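There are 2 protein chains.
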Amino acid sequence: MTAVPRKRADARRNEQTLLDAAAAAFVTSGVDAPVRDIAFRAGVGVGTIYRHFPTRADLIVAVYRHQVEACAEAGPALLTDSATPHEALARWIDLFVDFLITKHGLPEALRSGDATFETLHAYFLDRLVPVCDTLLAAATTAGQVIPGVGAYQLLRAVGNLCIGAGSDDRYDPRRMAALLVAGLAQ
Amino acid sequence: MTAVPRKRADARRNEQTLLDAAAAAFVTSGVDAPVRDIAFRAGVGVGTIYRHFPTRADLIVAVYRHQVEACAEAGPALLTDSATPHEALARWIDLFVDFLITKHGLPEALRSGDATFETLHAYFLDRLVPVCDTLLAAATTAGQVIPGVGAYQLLRAVGNLCIGAGSDDRYDPRRMAALLVAGLAQ
DNA sequence: TGGTAAACGGAACATGGTTCCGTATGTTGG
DNA sequence: CCAACATACGGAACCATGTTCCGTTTACCA
């Protein structure tokens, strides 16, 4: 029915080239790397970027999809492996923080409010809120965490704490996130 | 010696006009309000803005100076009025949060890393870190707060938590900041 | 009241995102 | 193998915004 007629070879090639170029640019310039830079690295015109990835968010999602999936999938495993649900939650938050602080500008983008990043925001939420909710619910049921703080709010707070990470060694987002999770335990 | 020859009347008038225009623009468009908008509101050219306030940070500092001073001065008073040092700290952080969340885009600017906002960042730090340090030290001495978290780091974390406040009623920065302070108590 | 330095306005420039269309090229039916 | 067509490409052009610069205006003072 929906027989997608397979993309042209050069298109597929360019898409991969662009993903690589973008990943490289993100490492050096953050996820705000100028479109022209990414196009130049990939050896294509800017039009090609917009054709493959209509918004910057689509490009970012494509670049980090694997890692987000890995983080999401680690949730249930941690719940099994950890001594307590609260510990599982703490360890998972740590994973999330580790992912974020290695992506220059990503936490900022997630929180920019800019319509450009709507897709990005939505993807993270769709994928990670349910996982966090599971861990949070388990910890709450076990009486290890106060009720009334939703997974969304917790993830957002942690995301915020990661903004600007790495630019200043007097600030340790991992520590601050851990403090927040500790505060949940009361 | 340094007989500053008093500014021209029109210059003084414009400076005040600009402060008012900027304050109004900041309310509706956040501290990122386009320079041209502010100039238009004030009925002056953009050159005039840059002459009075060489960087955007200078303008923001000028607009909010009174409120920052008020927050800084409230610190010692809270220490006297509160039942415990930890409570004083919690209440002061609350004040700080209240200030930040009513200024669209200010927390973002403070953390943007953009060199433009260096002055702004420095001003907040100069004025508020010592106050926070006093409160934190009192609470630590009283054994109500774990050692090892500096005033700078705490302020920065709280500032981060305030980013994007008001754009989403599922997120309550005041609550998250309180949780962080609770986490400090262990 | 004239001269001068301060202050002004806004055009011009720089940067970065986004759109659009003429051109080039893979693909496929003959 | 070739032609014709749809797909994809490149990059010039456009828009928004910050920033600079300089010719013109204006407040001040002698």
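The listed protein sequences correspond, in order, to chains A and B.
Under the numbering used here, the final residue of the first sequence carries the number 204; numbering is consecutive throughout.
Under the numbering used here, the final residue of the second sequence carries the number 204; numbering is consecutive throughout.
The C-beta atom is built at its ideal place from N, Cα and C for all residues, glycine as well.
No experiment lies behind these values; they were computed from the predicted model shown.
(request) For the region 121 to 204 of chain B, list the alpha helix (DSSP H) runs that are entirely contained and at least 4 residues long, ordered along the chain. (result) 124 to 129, 136 to 159, 169 to 179 and 191 to 203
(message) Given this structure, state the Cα-to-Cα distance separating LEU36 (chain A) from VAL53 (chain A), to the nearest angstrom.
(response) 11 Å
(request) Tell me whether the beta-carbon of LEU197 (chain A) lies closer than 7 Å to the beta-carbon of LEU198 (chain B). (result) yes
(request) Go ahead and pull the three-state DSSP assignment for PHE71 (chain A). (result) coil
(request) Put GLY65 (chain A) into one of helix, strand or coil per three-state DSSP. (result) helix
(message) Using only CA atoms, which one of B:LEU202, B:PHE142 and B:GLN171 lies nearest to ASP187 (chain A)?
(response) B:GLN171
(request) May I have the straight-line CA-CA distance separating GLN34 (chain B) from PHE71 (chain B), to the nearest angstrom? (result) 12 Å
(message) Can you tell me whether THR31 (chain B) is buried or exposed? The criterion is at least 16 other CB atoms within 10 Å of its CB, across all chains shown.
(response) One point to set straight first is that residue 31 (chain B) is Arg, not Thr, in the sequence displayed. Exposed.
(message) DSSP three-state label for ARG26 (chain B), please.
(response) coil
(request) Could you pull the start and end residues of the alpha helix (DSSP H) that ALA57 (chain B) belongs to? (result) 53 to 60
(message) Using the three-state DSSP reduction, which class does SER47 (chain B) fall into: helix, strand or coil?
(response) helix
(request) Assuming ALA75 (chain B) contacts PHE135 (chain B) (C-beta within less than 8 Å), just tell me the rounded distance between them. (result) 5 Å
(message) Our contact map puts ILE119 (chain B) next to ALA183 (chain B) with C-beta atoms below 8 Å; I'd like the distance itself, whole angstroms only.
(response) 4 Å
(message) Can you check which of these residues, B:CYS180, B:THR137, B:ALA160 and B:GLY93, is closest to VAL147 (chain B) by C-alpha distance?
(response) B:GLY93
(request) Please name the residue in A:ASP38, A:ASP50 and A:THR98 whose C-alpha comes closest to that of ALA156 (chain A). (result) A:THR98
(message) Quick check on the burial criterion: 16 or more other C-beta atoms within 10 angstroms. Buried or exposed for VAL64 (chain A)?
(response) exposed
(request) Verify whether the separation of the beta carbon atoms of THR159 (chain A) and PRO165 (chain A) is less than 7 Å. (result) no
(request) Check whether the Cβ of LEU179 (chain B) lies closer than 7 Å to any Cβ atom in chain A. (result) yes
(message) Can you pull the chain A neighbours of SER185 (chain B), defined as C-beta to C-beta under 7 Å?
(response) GLY131
(request) Please state if the CB of ARG129 (chain A) and the CB of ALA90 (chain A) are separated by a distance shorter than 7 Å. (result) no
(request) Select from the region 61 to 77 of chain A all residues with a C-beta closer than 8 Å to any C-beta belonging to chain B, and list them in chain order. (result) none
(message) So, with DSSP's three-state summary, where would you put THR98 (chain B)?
(response) helix
(message) Closer than 8 Å between beta carbons: that is the criterion. Which residues of the region 151 to 178 of chain B meet it against chain A?
(response) VAL167, GLY168, TYR170, GLN171, ARG174, ALA175 and ASN178
(request) Leaving out five residues on either side along the sequence, give the residues of the same chain with a beta carbon under 7 Å from the beta carbon of ALA43 (chain B). (result) ALA51, ASP55, ILE56 and ARG59
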